[in-house]
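Q: Here it is, the structure in full.
Number of protein chains: 2
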Amino acid sequence: MASIKDVAAEAGVSVATVSRVLNEHPSVSEDARARVLAAVASLGYRPNAVARSLRTDQTRTLGLVISDVLNPYFTELARSVEEEARALGYSVIIGNADERPELQDHHVRTLLDRRIDGLLVSPTDGGSPLMLDAARSGTPMVFVDRWIPGVDVPVVRADGRGAVRDLVAHLHRLGHRRLAIIAGPAATTTGQERVAAFREALEEYGLDLPDRYIGQGDFQADSGRRVTERFLDLAEPPQVVFAADNLMALGALDAVRARGLRVPDDIALAAFDDIRWFVHTDPPITAIAQPTGELGRAAVRALVDRIEGRAPRSVTLPARLVVRRSCGEDPATNRSRS
Amino acid sequence: MASIKDVAAEAGVSVATVSRVLNEHPSVSEDARARVLAAVASLGYRPNAVARSLRTDQTRTLGLVISDVLNPYFTELARSVEEEARALGYSVIIGNADERPELQDHHVRTLLDRRIDGLLVSPTDGGSPLMLDAARSGTPMVFVDRWIPGVDVPVVRADGRGAVRDLVAHLHRLGHRRLAIIAGPAATTTGQERVAAFREALEEYGLDLPDRYIGQGDFQADSGRRVTERFLDLAEPPQVVFAADNLMALGALDAVRARGLRVPDDIALAAFDDIRWFVHTDPPITAIAQPTGELGRAAVRALVDRIEGRAPRSVTLPARLVVRRSCGEDPATNRSRS
DNA sequence: CGCATCGATGTAATCGATTCCACAAGGAGG
DNA sequence: CCTCCTTGTGGAATCGATTACATCGATGCG
Chain A
88 MASIKDVAAE
98 AGVSVATVSR
108 VLNEHPSVSE
118 DARARVLAAV
128 ASLGYRPNAV
138 ARSLRTDQTR
148 TLGLVISDVL
158 NPYFTELARS
168 VEEEARALGY
178 SVIIGNADER
188 PELQDHHVRT
198 LLDRRIDGLL
208 VSPTDGGSPL
218 MLDAARSGTP
228 MVFVDRWIPG
238 VDVPVVRADG
248 RGAVRDLVAH
258 LHRLGHRRLA
268 IIAGPAATTT
278 GQERVAAFRE
288 ALEEYGLDLP
298 DRYIGQGDFQ
308 ADSGRRVTER
318 FLDLAEPPQV
328 VFAADNLMAL
338 GALDAVRARG
348 LRVPDDIALA
358 AFDDIRWFVH
368 TDPPITAIAQ
378 PTGELGRAAV
388 RALVDRIEGR
398 APRSVTLPAR
408 LVVRRSCGED
418 PATNRSRS
Chain B
88 MASIKDVAAE
98 AGVSVATVSR
108 VLNEHPSVSE
118 DARARVLAAV
128 ASLGYRPNAV
138 ARSLRTDQTR
148 TLGLVISDVL
158 NPYFTELARS
168 VEEEARALGY
178 SVIIGNADER
188 PELQDHHVRT
198 LLDRRIDGLL
208 VSPTDGGSPL
218 MLDAARSGTP
228 MVFVDRWIPG
238 VDVPVVRADG
248 RGAVRDLVAH
258 LHRLGHRRLA
268 IIAGPAATTT
278 GQERVAAFRE
288 ALEEYGLDLP
298 DRYIGQGDFQ
308 ADSGRRVTER
318 FLDLAEPPQV
328 VFAADNLMAL
338 GALDAVRARG
348 LRVPDDIALA
358 AFDDIRWFVH
368 TDPPITAIAQ
378 PTGELGRAAV
388 RALVDRIEGR
398 APRSVTLPAR
408 LVVRRSCGED
418 PATNRSRS
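Same order as they appear, the protein sequences are chains A and B.
Going by our numbering, the first sequence opens with residue 88, and the numbers climb by one from there.
Going by our numbering, the second sequence opens with residue 88, and the numbers climb by one from there.
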């Protein structure tokens, strides 16, 4: 592959001049510029990004470490992150942690070794020493969706409390009183917050969230299935199951169906995170929709602000309730677009 | 960030010795090795991958350019690619082309500039000059899922012909005679092949595939919606719509539902590519499942073979039909697991 | 005993870019 | 006409690693 030296030789100038042309440095004669450009074209020369990065100490690359690419929420997040990053002149390397702390560490380490300019993380756990180090050692970093308390890093996330309150109001209006939740991992902020928001909202309606109605899930479909089975085995099963993410809702649906029960007649179902397929499931699933694309874009902007020396700010955007039929018919609210 | 020089100074040896320790070169004394390791630990030193890549001319990175990350099929493919690559000691950078040739070129160029060791592509179109160049200029390359005819690059893909034949047999048995297809872009091999396989299978049953029953889609949900609307507007609408990918099936479902019609009573629906949600749609959708994970792994193995100087081979794996209820009840076959 | 070999180490070249510095030529101003 | 500044250019240092080559002491063998 042609290097800058080859171009310089071909154009009859020094490598310094070639570099100047390529970087649009003002003091290059028209003549030299033309000859360099011709040489570049004839050799099909492309600058070696590796060499450039070594010299300039910047890779124009962002790292994104997410918990689970297969989760449509994160897929969409990743896509919007890449889009915004590209618009700002950065590339993105995605690391999929699969909800496994050690895999997350692997990716953080690899990305750091590659000297990415900044790191976007949706942490799987409460914070490995590695990530804490990275945050402190000055690698520009922004948390997205989930975060680690006590670490001084901007956070871009959605606030679901309002939407959860709307959901509980909706459920209460439909006459449901025994509400259960399939929680996410306690090590994640989203895992905790959604339970807290749910409990808070229930209290407003004088409802209780007993331990037997809290199932411990891990944001994967299988755990949703297992937890739902346990709910159904209870002497007094809940009337509603609220899954803290879309994959666990899928598992819950599997479990209900395997028992030959029907949603919402036998048990109602709602989910955190909306996906396009929820419109077409049987029945369509009521869900809390996050402004995913906006989150991804805001996260990139915050990170790039940090990288380029501006002050980044944390961002919190509201989620909203999308009512469908999985909790029962509710003439008062179901005019919400599905 | 500490460099190899700092480590050398701290350990009281030369950089060469540090490098030898790090690369497990045999002739290093126990004493020196211990001192270097201690220095590495105390400084928290990590080798700079950028510098290493420049010197060794290998990045241990693979590029993966896919047509649409939001399509669950490609998401799963990407995941399995990353997994296998990691097992073999490579990282993966994913580029999402969004079915847009110019975006695809952008990613190919960026990846080439970064001097990735090899490229995995699922081409959006018939082959831009850039990609043709890349293939010829010796960048190790493997096509996955889709390919470009006439380019001498190994291909890893699924063969859907058998499964399509099974599907048509199933449909025929159910009494359907007017079958339509929502095709993918003609510029993609999968776009063409699926139509060809469908037509071939129809012929075996003495059925015709008239032009009005071929709708041109682009593998996106919207196009599935538009094409289905046109089908429904025909004087004699088809009895079955076969969508060449899962997103267009989603669009088709939207369109059918918007008209107040029901699947499969008013019109049957089947899709190429199976996804987990198809089990829970209303009704569950009959689909052709590709061995996605196996494809991703095989593609990586072929590419790494090529990179490491072994002879890569093309791989074709069979897809299989998964019968559900979206085409009607068929006691003879619906014992297929859903 | 002398020479070859081997193991351990350091010096320096190298990868492909960017960029500081020196320098030459030419124009402006005194 | 002499200085001073500007513009255009090339030489060489530099980024952080790897690695060929040189060196040096110790060991082995005839």
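Beta carbons are placed, not taken as given, at the ideal position from N, Cα and C, and that holds for glycine.
Just so we're clear, the structure is a prediction, and the values are computed from it rather than from any experiment.
So, at 8 Å on beta carbons, what are the nonlocal neighbours of ILE301(A) in its own chain, with the 5 sequence-adjacent residues on each side left out?
A: In the first sequence, the residue the question calls residue 301(A) occupies position 214. Within the same chain, ILE301(A) has close Cβ partners ALA267, ILE268, ALA270, VAL282.
Q: So what does DSSP say about ILE203(B), is it helix, strand or coil?
A: Within the second sequence, numbered from 1, the residue matching residue 203(B) stands at position 116. In this structure, ILE203(B) counts as coil in the three-state DSSP scheme.
Q: Which residues mark the beginning and the end of the beta strand (DSSP E) in which ARG183(A) is found?
A: If you number the first sequence from 1, residue 183(A) lands on position 96. Per the sequence shown, residue 183(A) should be read as Asn rather than Arg. From DSSP, the beta strand (DSSP E) with ASN183(A) extends over 178-183.
Q: Would ARG384(B) pass as a contact of GLU170(B) if the rule is Cβ separation under 9 Å?
A: Within the second sequence, residue 384(B) is the residue found at index 297, counting from 1. Within the second sequence, residue 170(B) is the residue found at index 83, counting from 1. In this structure, GLU170(B) lies closer than 9 Å to ARG384(B) by Cβ.
Q: Work out the CA separation of TYR177(B) and SER140(A) for me, nearest whole Å.
A: Locating residue 140(A) in the first sequence gives position 53, counting from the first residue. Locating residue 177(B) in the second sequence gives position 90, counting from the first residue. Approximately 20 Å, taken between the alpha carbons.
Q: Run the CB neighbour count on THR277(B), radius 10 Å, all protein chains shown included, and call it buried at 16 or more, exposed below.
A: For the purposes of this step, residue 277(B) is identified with residue 190 of the second sequence, where counting begins at 1. THR277(B) is buried by the Cβ-count criterion.
Q: Considering only their Cβ atoms, is the gap separating ALA98(A) from ALA125(A) smaller than 9 Å?
A: Mapped onto the first sequence, residue 125(A) falls at position 38. Mapped onto the first sequence, residue 98(A) falls at position 11. Cβ distance < 9 Å, so ALA125(A) and ALA98(A) count as in contact.
Q: Could you confirm whether any beta carbon from chain B is found closer than 9 Å to the beta carbon of ARG166(A)?
A: The count along the first sequence starts at 1 and reaches residue 166(A) at position 79. Look at ARG166(A): its C-beta is under 9 Å from a C-beta on chain B.
Q: Does the CB of ARG422(A) have a neighbour CB from chain B at under 9 Å?
A: As a first step, residue 422(A) must be located in the first sequence, where it is residue number 335. A caution first: ARG422(A) carries a pLDDT of 44, below 50, which makes its placement in the model too unreliable to give a value.
Q: Measuring alpha carbon to alpha carbon, tell me which of VAL409(B), VAL410(B), VAL387(B) ends up nearest PRO399(B).
A: Indexing the second sequence from 1 puts residue 399(B) at position 312. Among VAL409(B), VAL410(B), VAL387(B), the Cα nearest to that of PRO399(B) is on VAL387(B).
Q: What I want to know is whether the C-beta of VAL327(B) ends up closer than 8 Å to one or more non-hydrogen atoms of the ligand ATP.
A: The ligand ATP is not among the ligands present in this structure, which contains no ligands whatsoever.
Q: Applying a beta-carbon distance threshold of less than 9 Å, which residues of chain B neighbour ALA376(A)?
A: Here residue 376(A) is taken as the residue at index 289 of the first sequence, counted from 1. Within chain B, no residue comes near ALA376(A); the closest Cβ sits about 16 Å away, beyond 9 Å.
Q: Starting from the beta carbon of ASP369(A), find every residue of chain B whose beta carbon is closer than 9 Å, and list them in chain order.
A: In the first sequence, counting from the first residue as 1, residue 369(A) sits at position 282. Chain B residues near ASP369(A): HIS367, THR368, ASP369, PRO370, PRO371.
Q: Put ARG405(B) into one of helix, strand or coil per three-state DSSP.
A: As a working note, residue 405(B) is residue 318 in the second sequence. In the sequence under discussion, the amino acid at residue 405(B) is Pro, which differs from the Arg named in the question. Of the three classes helix, strand and coil, the one that applies to PRO405(B) here is strand, per DSSP.
Q: Taking all protein chains shown into account, decide if SER129(A) is buried (16 or more other Cβ within 10 angstroms of its Cβ) or exposed.
A: Within the first sequence, numbered from 1, the residue matching residue 129(A) stands at position 42. So SER129(A) counts as exposed.
Q: Can you confirm whether MET88(B), when its beta carbon is compared against all beta carbons of chain A, has any partner nearer than 9 Å?
A: As a position in the second sequence, residue 88(B) is number 1, starting the count at 1. MET88(B) counts as touching chain A.
Q: Does the stretch 228-245 of chain A come close enough to the stretch 368-384 of chain A to have 3 or more Cβ pairs within less than 8 Å?
A: yes
Q: Grab the span of the alpha helix (DSSP H) containing LEU319(B) for me, first residue to last.
A: Along the second sequence, one-based indexing puts residue 319(B) at 232. Per DSSP, LEU319(B) belongs to the alpha helix (DSSP H) from 308-320.
Q: Looking at the secondary structure, which residues open and close the alpha helix (DSSP H) in which ALA273(B) lies?
A: Along the second sequence, one-based indexing puts residue 273(B) at 186. Unbroken run through ALA273(B): none, as it is neither H nor E.
Q: For ASN110(B), decide whether its Cβ has a neighbour in chain A, counting only Cβ atoms nearer than 9 Å.
A: In the second sequence, counting from the first residue as 1, residue 110(B) sits at position 23. Chain A contact via Cβ: absent.
Q: Quick check: what's the CA-CA separation for ALA355(B) versus GLU395(A)?
A: Within the second sequence, numbered from 1, the residue matching residue 355(B) stands at position 268. Within the first sequence, numbered from 1, the residue matching residue 395(A) stands at position 308. In a straight line, the C-alpha of ALA355(B) is about 55 Å away from that of GLU395(A).
Q: So the candidates are GLU189(B), LEU289(B), GLY131(B), ALA273(B); which of them puts its Cα closest to the Cα of VAL255(B)?
A: Looking up residue 255(B) in the second sequence gives position 168. Among GLU189(B), LEU289(B), GLY131(B), ALA273(B), the Cα nearest to that of VAL255(B) is on LEU289(B).
Q: At the 9 Å Cβ level, is ALA340(B) part of the contact set with chain A, yes or no?
A: Counting from one through the second sequence, the residue named residue 340(B) turns up at place 253. The sequence given here has Leu at residue 340(B), not Ala. Closer than 9 Å to some Cβ of chain A, the Cβ of LEU340(B) qualifies, so yes.
Q: Just checking my contact of ARG229(A) with LEU207(A) at CB under 8 Å: how many whole Å lie between their CB atoms?
A: As a working note, residue 229(A) is residue 142 in the first sequence. As a working note, residue 207(A) is residue 120 in the first sequence. The sequence given here has Val at residue 229(A), not Arg. For a cut-off of 8 Å, the C-beta gap from VAL229(A) to LEU207(A) is around 5 Å, short enough to register as a contact.
Q: Judging by CA-CA distance, which residue of GLU189(B), ALA174(B), ALA165(B) is the nearest neighbour of ILE180(B)?
A: On the second sequence, position 93 is the one that residue 180(B) refers to. Checked all of GLU189(B), ALA174(B), ALA165(B); the closest Cα to ILE180(B) is ALA165(B).
Q: Starting from the N-terminal side, write out each stretch of the beta strand (DSSP E) that is 3 residues or longer and does not extend beyond the stretch 328-407 of chain A.
A: 355-359, 373-376, 402-405
Q: Given that a residue counts as buried once 16 or more other Cβ atoms are within 10 Å of its Cβ, and exposed if not, what is GLN145(A)?
A: Here residue 145(A) refers to the residue found at position 58 when the first sequence is read from its first residue. By the neighbour-count rule (16 or more Cβ atoms within 10 Å), GLN145(A) is not buried but exposed.
Q: Does the beta carbon of ARG173(B) come closer than 9 Å to any beta carbon on chain A?
A: What you label residue 173(B) is simply residue 86 of the second sequence in a count that begins at 1. At a cut-off of 9 Å between beta-carbon atoms, ARG173(B) makes contact with chain A.
Q: Could you tell me if ARG422(A) is buried or exposed, where buried requires 16 or more neighbouring beta carbons within 10 angstroms of its beta carbon?
A: Indexing the first sequence from 1 puts residue 422(A) at position 335. With a pLDDT of 44 at ARG422(A), under the threshold of 50, the modelled position of this residue cannot be trusted; read the value that follows with caution. So ARG422(A) ends up on the exposed side.
Q: Cα separation between ALA308(A) and PRO216(B)?
A: Sequence index remark: in the first sequence, residue 308(A) carries index 221 (1-based). Sequence index remark: in the second sequence, residue 216(B) carries index 129 (1-based). Distance between the alpha carbons of ALA308(A) and PRO216(B): 43 Å.
Q: What does a CB cutoff of less than 7 Å around ARG107(A) pick up in its chain, not counting 5 residues either side in sequence?
A: Mapped onto the first sequence, residue 107(A) falls at position 20. So the qualifying residues of the chain are VAL115.
Q: Do you know whose CA, among GLY150(A), ARG264(A), HIS259(A), ALA273(A), lies nearest VAL231(A)'s CA?
A: Within the first sequence, the letter at position 144 stands for residue 231(A). Looking at GLY150(A), ARG264(A), HIS259(A), ALA273(A), the one whose alpha-carbon comes closest to that of VAL231(A) is GLY150(A).
Q: Identify, in the order they occur along the chain, each residue of the same chain with its Cβ nearer than 6 Å to the Cβ of VAL238(B), setting aside the five sequence neighbours on each side.
A: The residue labelled residue 238(B) in the question sits at position 151 within the second sequence. Counting only Cβ-Cβ distances below 6 Å, and skipping sequence neighbours, we find ALA222.
Q: Under 9 Å, CB to CB, which of the residues in the stretch 172-191 of chain A have a partner in chain B?
A: If the cut-off is 9 Å between Cβ atoms, the stretch 172-191 of chain A has ARG173, SER178, VAL179, ILE180, ILE181, GLY182, ASN183, ASP185, LEU190 near chain B.
Q: Alpha carbons only, please: which of THR403(B), VAL391(B), ARG265(B), THR373(B) is nearest the one belonging to LEU321(B)?
A: Position 234 of the second sequence, counting from 1, holds the residue named residue 321(B). Residue ARG265(B) is the option with its Cα nearest to LEU321(B).
Q: When we look at the beta-carbon of ARG424(B) and count the other beta-carbons within 10 Å, is it buried (16 or more) or exposed?
A: Locating residue 424(B) in the second sequence gives position 337, where the first residue counts as 1. The predicted position of ARG424(B) is uncertain, since its pLDDT is 43 and thus under 50; no value can be drawn from it.
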